[in-house]
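Residue numbers for the sequence shown follow the working numbering, so the first one is 4 and each next one is one higher. Scroll down for the structure; my scribbles are underneath it.
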Amino acid sequence: MKKVVLMYHDLYLHSSSESGFQNDSAFQYKIQVNEFEKQVESVVEYCRKHPETEVEFTFDDGGVSFLTLAAPVLEEYGLKGTFFISTAYLNTPLFLTTEQVAELARRGHRIGSHSHTHPVLTELGEERIAEEWYKSVGILKDYVSGETIASIPNGNGDKTVMQKAAEAGIRKLYTSVPATRVTNLGGMQIWGRYVVYQGMTVGDVMAIVANRNRRRVMYSRWLCLQLIKSLLGKHYNSLKSLIFRVK
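Dropping the structure here:
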């Protein structure tokens, strides 16, 4: 069976300011809930006709829309989401409360770590990286059933970041590498994901799910970005967004 993992962030009803981080980097990922529902409906219909394909819906950051918008849509179609939470923002405006995390877990959704403070982990020393994972995993342990899972914040991860995740007890780590191939490190599975940006159509999302060549193109673009990343420094995220928006 082929599994494609999609990466979302916040959803909104009327305005991007309703949930989660409020900066230009975050706004590019925020999806209007009606558009999201169209994407879910199309994915479910495709998977019904192609049972060899499985799609997982994952969400990063911990915005309140995880509970108010994303979970209800997924549940309407018989799905459960995977929600990754930066735990330093729990119980703060526009983010989930601990009670809301518990509610998501009670409803059968998967809860995972997205670090504690949402830093660029590759810019930290080993001790700080370990602290980010251990603290977040510890805070969320009461809401996790089954294996401990996590996703890397800001799309930046290297072997040290991944090794420290494994040492913190994480058994499945999700990245932003656009790939379906699963690798392993220290007993931990490493999964790639395909990011969904604001402005992407149902057709764009379905091309990721159904078209192997489209996924190969996305992976090739990602490889190109890695080659020039060291030269761009802080401008890397802006270029990454531009390249992945190109059809």
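Note that CB positions come from ideal geometry on N, CA and C, so glycine has one too.
Q) What number of angstroms, rounded off, separates the C-alpha of VAL208 from the C-alpha of GLN42? A) Position 205 of the sequence shown, counted from the first residue, corresponds to residue 208. Position 39 of the sequence shown, counted from the first residue, corresponds to residue 42. VAL208 and GLN42: Cα-Cα distance of roughly 7 Å.
Q: Name the one or two DSSP bridge partners that ILE114 has.
A: Numbered from its first residue, the sequence shown carries residue 114 at position 111. Per DSSP, PHE86.
(Q) At the level of alpha carbons, what is the spacing between ALA169 and GLU48? (A) By 1-based counting over the sequence shown, the position of residue 169 is 166. By 1-based counting over the sequence shown, the position of residue 48 is 45. Rounded to whole angstroms, ALA169 to GLU48 spans 36 Å at the Cα level.
Q: Could you tell me which uninterrupted alpha helix (DSSP H) segments, each at least 4 residues in length, are contained entirely in the stretch 128–201, listed from first to last along the chain?
A: 129–143, 162–170
(Q) I need the straight-line Cα distance from LYS33 to ASP13, nearest angstrom please. (A) Here residue 33 refers to the residue found at position 30 of the sequence shown. Here residue 13 refers to the residue found at position 10 of the sequence shown. Straight-line Cα distance between these residues: approximately 5 Å.
Q) Start and end of the alpha helix (DSSP H) containing TYR80? A) The residue labelled residue 80 in the question sits at position 77 within the sequence shown. Segment: none, TYR80 is in no alpha helix (DSSP H) and carries neither H nor E.
Q | When GLU55, LEU70, SER28 are compared against TYR15, the one with the closest alpha-carbon | A | By 1-based counting over the sequence shown, the position of residue 15 is 12. Shortest Cα-Cα distance from TYR15 to any of GLU55, LEU70, SER28 involves LEU70.
Q. In chain order, what residues of the same chain have a beta carbon less than 6 Å from the beta carbon of GLY65, not counting five sequence neighbours either side?
A. Numbered from its first residue, the sequence shown carries residue 65 at position 62. Once the five neighbours on either side are set aside, the close Cβ partners of GLY65 are ILE88, SER89, TYR92, PHE98, LEU99.
Q. Under three-state DSSP, which class holds LYS6?
A. As a working note, residue 6 is residue 3 in the sequence shown. Correct three-state label for LYS6: strand.
Q: Specify, as a first and last residue, the run of the beta strand (DSSP E) that VAL58 falls within.
A: Counting from one through the sequence shown, the residue named residue 58 turns up at place 55. It spans 56–62 - the beta strand (DSSP E) in which VAL58 sits, taken as one unbroken run.
Q. Measuring CB to CB, does TRP136 end up less than 8 Å from ILE193?
A. Position 133 of the sequence shown, counting from 1, holds the residue named residue 136. Position 190 of the sequence shown, counting from 1, holds the residue named residue 193. It is not a contact, given that the beta carbons lie outside the stated cut-off.
Q | Span separating the alpha-carbon of ASN214 from that of GLU44 | A | One-based indexing of the sequence shown puts residue 214 at position 211. One-based indexing of the sequence shown puts residue 44 at position 41. Rounded to whole angstroms, ASN214 to GLU44 spans 18 Å at the Cα level.
Q.
Please classify SER18 as buried or exposed, where buried requires at least 16 other C-beta atoms within 10 Å of its C-beta.
A. Locating residue 18 in the sequence shown gives position 15, counting from the first residue. Counting every other CB atom within 10 Å of its CB across the protein chains shown gives SER18 a total below 16, marking it as exposed.
(Q) On the criterion of 16 or more Cβ atoms from any shown chain inside 10 Å, does LEU176 qualify as buried, or is it exposed? (A) Translated into positions along the sequence shown, residue 176 becomes position 173. With 16 or more neighbouring CB atoms inside 10 Å of its own CB, LEU176 falls in the buried class.
Q) Does DSSP classify TYR92 as helix, strand or coil? A) Here residue 92 refers to the residue found at position 89 of the sequence shown. Reduced to three states, the DSSP call for TYR92 is helix.
Q) Tell me the DSSP bridge mates of PHE24? A) Working through the sequence shown from its first residue, we reach residue 24 at position 21. Note: PHE24 sits in no beta bridge, so no partner.
Q. Exposed or buried, what is ASP27 when buried is set at 16 or more other beta-carbons lying within 10 Å of its beta-carbon?
A. Here residue 27 corresponds to residue number 24 of the sequence shown, with the count starting at 1. Answer is exposed; the Cβ neighbour count stays below 16.
Q) Straight-line CA distance for LYS250 to ASP145? A) Numbered from 1 along the sequence shown, position 247 holds the residue referred to as residue 250. Numbered from 1 along the sequence shown, position 142 holds the residue referred to as residue 145. The predicted model places LYS250 with a pLDDT of 46, which falls under 50 and marks its position as unreliable; any figure quoted below should be read in that light. Approximately 42 Å between the Cα atoms of the pair.
Q: Look up VAL249 in the DSSP assignment and say whether it is helix, strand or coil.
A: Taking the first residue of the sequence shown as 1, we reach residue 249 at position 246. Reliability fails at VAL249, whose pLDDT of 49 lies under 50, so the model's placement of it is uncertain and no value is given.
Q) Who are ILE34's beta bridge partners in DSSP? A) The residue given as residue 34 occupies position 31 in the sequence shown. Answer is LEU14.
Q. TYR11 to PHE62, Cα distance in whole Å?
A. Here residue 11 corresponds to residue number 8 of the sequence shown, with the count starting at 1. Here residue 62 corresponds to residue number 59 of the sequence shown, with the count starting at 1. Looking at the backbone, the Cα of TYR11 and that of PHE62 are separated by about 5 Å.
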